[in-house]
Amino acid sequence: MKMIELEKLLSVSYQGEKSLAKIYMPNEIFSDLIYCDELTQGKKSSDKLSVAYSYTYLCHWLYWTCKWNADYKITQDDLKQILGYSRDNKTLLPIIKENGVIDQLGYTLKTTDYPVEYTYEDGYLDFITIGDLKKSGYVDKSHNDRNFCIKYPLKAFHRTTESLNVGDLDGTFYEVGNTHHVPFEVFLYCMSKDDLGTIGFYLYSFLSHKCDLYGKAQYSRGRFVGESGVKETSLNIYLKALEKYNMIDVDGQDFVFDLPEHLREANVYSVNHYNQFGARWYTRKPRAILSLETYNEKNGDKKAIKAIKVDELEALPF
973 MKMIELEKLL SVSYQGEKSL AKIYMPNEIF SDLIYCDELT QGKKSSDKLS VAYSYTYLCH
1033 WLYWTCKWNA DYKITQDDLK QILGYSRDNK TLLPIIKENG VIDQLGYTLK TTDYPVEYTY
1093 EDGYLDFITI GDLKKSGYVD KSHNDRNFCI KYPLKAFHRT TESLNVGDLD GTFYEVGNTH
1153 HVPFEVFLYC MSKDDLGTIG FYLYSFLSHK CDLYGKAQYS RGRFVGESGV KETSLNIYLK
1213 ALEKYNMIDV DGQDFVFDLP EHLREANVYS VNHYNQFGAR WYTRKPRAIL SLETYNEKNG
1273 DKKAIKAIKV DELEALPF
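Each residue of the sequence shown is one higher than the last, beginning at 973 in my numbering.
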């Protein structure tokens, strides 16, 4: 969808240059998703993982901003279209339907009691729902929207099963420890680009989370695939797209033939602010492909010693 269509459908409102909501996602969502066999097994696993993450993120935003029924009633078909799929797509249903994958993982829950307003006073967040209005008489109880269902973002209110059982509000709407924040502008930008979509958004969010932890993210392709769950073919395509739109920077390391695996340096990734997004005006210099001999000549004697094969290293007298 085009940006203007997304903003209209989602009733997006801005305050200055920033959208009104600041959504925090639980860090454990990445491990929860990649260890879910329903998402990682079989074909299209990269698509399924990224849809599950993006759908969950969107459900958080819709609830916090009370946009489920603002200018438009947002339906499951609308959500599929927002995520870049046709409205009649059936392949997403096992992930997003009631008691589907995301519900089973404890991230969302189907309900007809949608939020209409929120208040934030003295550091306390509270939501007024359609059910509250009916009980108080502000909305006629005969108001018929029983067929309109939303997804309640469970972990936004209760982070664990224990807190849910006792009613503690320790979810990401209330406590932001061990979370990551990705601006909604990033979501809109990715969904408006055919070559980014949910996989682009998922990878940007993954790297943003890692950069929060370590400043920059240093990953070999094998480790990147293992921790993100995105297949290598898709990873190559979407990392290039993220870099093309200046959403990430990549410090690529030279490839050296016959260099021992434990001495190879991984690429270093960093994420850019959404105000910097757009067609990159420069092209990153491609990484060099070197022979071991050339690598030694280029890096001098000290680094040449590092490049000696392991079996030769054991024979050295020091």
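For each residue, glycine too, the CB sits at the ideal point set by N, CA and C.
Where the alpha helix (DSSP H) containing residue i begins and where it ends
i: LEU1105; result: 1102 to 1108
i: THR1158; result: Position check: residue 1158 holds Val in this sequence, whereas Thr was assumed. Where VAL1158 is concerned, the enclosing alpha helix (DSSP H) stretches over 1156 to 1163.
i: LYS1182; result: 1169 to 1186
i: SER1003; result: 1001 to 1006
i: VAL1138; result: 1133 to 1138
i: TYR1241; result: Element bounds for TYR1241: not the alpha helix (DSSP H) but the beta strand (DSSP E), 1239 to 1243.
i: ILE1220; result: Looking at the DSSP string, ILE1220 is not in any alpha helix (DSSP H); the run it does join, the beta strand (DSSP E), is 1220 to 1223.
i: THR1012; result: 1009 to 1012
Terminal residues of the beta strand (DSSP E) in which residue i lies
i: GLU977; result: Where GLU977 is concerned, there is no enclosing beta strand (DSSP E), although the alpha helix (DSSP H) it sits in stretches over 975 to 981.
i: TYR1191; result: 1189 to 1191
i: TYR1124; result: 1122 to 1125
i: THR1144; result: Counting along the chain, THR1144 falls outside any beta strand (DSSP E), and DSSP gives it neither H nor E.
i: TYR1217; result: Neither: TYR1217 is in no beta strand (DSSP E) and is coded neither H nor E.
i: TYR996; result: 996 to 998
i: HIS1130; result: Note, HIS1130: premise wrong, no beta strand (DSSP E); not H, not E.
Cβ separation of residue i and residue j, assumed to be a contact under 8 Å, to the nearest whole Å
i: SER1192; j: LEU1175; result: 15 Å between Cβ atoms; not a contact.
i: TYR996; j: VAL1243; result: Between VAL1243 and TYR996 the Cβ distance is about 16 Å, and since that is not below 8 Å, they are no contact.
i: LEU1214; j: GLY1172; result: 6 Å
i: ASP1142; j: HIS1130; result: 7 Å
i: THR1170; j: SER1022; result: 4 Å
i: ARG1059; j: ASP1049; result: 4 Å
i: LYS1216; j: ARG1252; result: 6 Å
C-beta neighbour in chain B for residue i, strict 8 Å
i: GLY1172; result: The chain labelled as chain B is not found in the depicted structure, where only one protein chain is given.
Sub-8 Å separation of residue i and residue j beta-carbons
i: VAL1088; j: ILE1100; result: yes
i: SER1108; j: LYS974; result: no
i: ASN999; j: THR1151; result: yes
i: TYR1246; j: VAL1158; result: yes
i: TRP1033; j: PHE1156; result: yes
i: ASN1218; j: PHE1178; result: no
i: TYR1035; j: ILE1001; result: no
i: LEU1291; j: TYR1090; result: The structure shown does not extend to residue 1291, since the chain is modelled only from 973 through 1290, so no value can be given for it.
i: VAL1240; j: GLN1190; result: yes
i: LEU981; j: LEU1160; result: no
i: ILE1046; j: LYS1052; result: no
i: THR1063; j: PHE1120; result: no
i: LYS1203; j: SER1003; result: no
Touch test, the region 1001 to 1008 against the region 1073 to 1084, Cβ-Cβ under 8 Å, three pairs minimum: yes
Runs of beta strand (DSSP E) wholly within the region 1028 to 1099 (minimum 3 residues, chain order): 1080 to 1083 and 1087 to 1093
contact_flag[the region 1119 to 1127, the region 1080 to 1093] where n(CB pairs < 8 Å) is 3 or more: yes
Sufficient close CB pairs (3 or more, under 8 Å) joining the region 1060 to 1075 to the region 1197 to 1213: no
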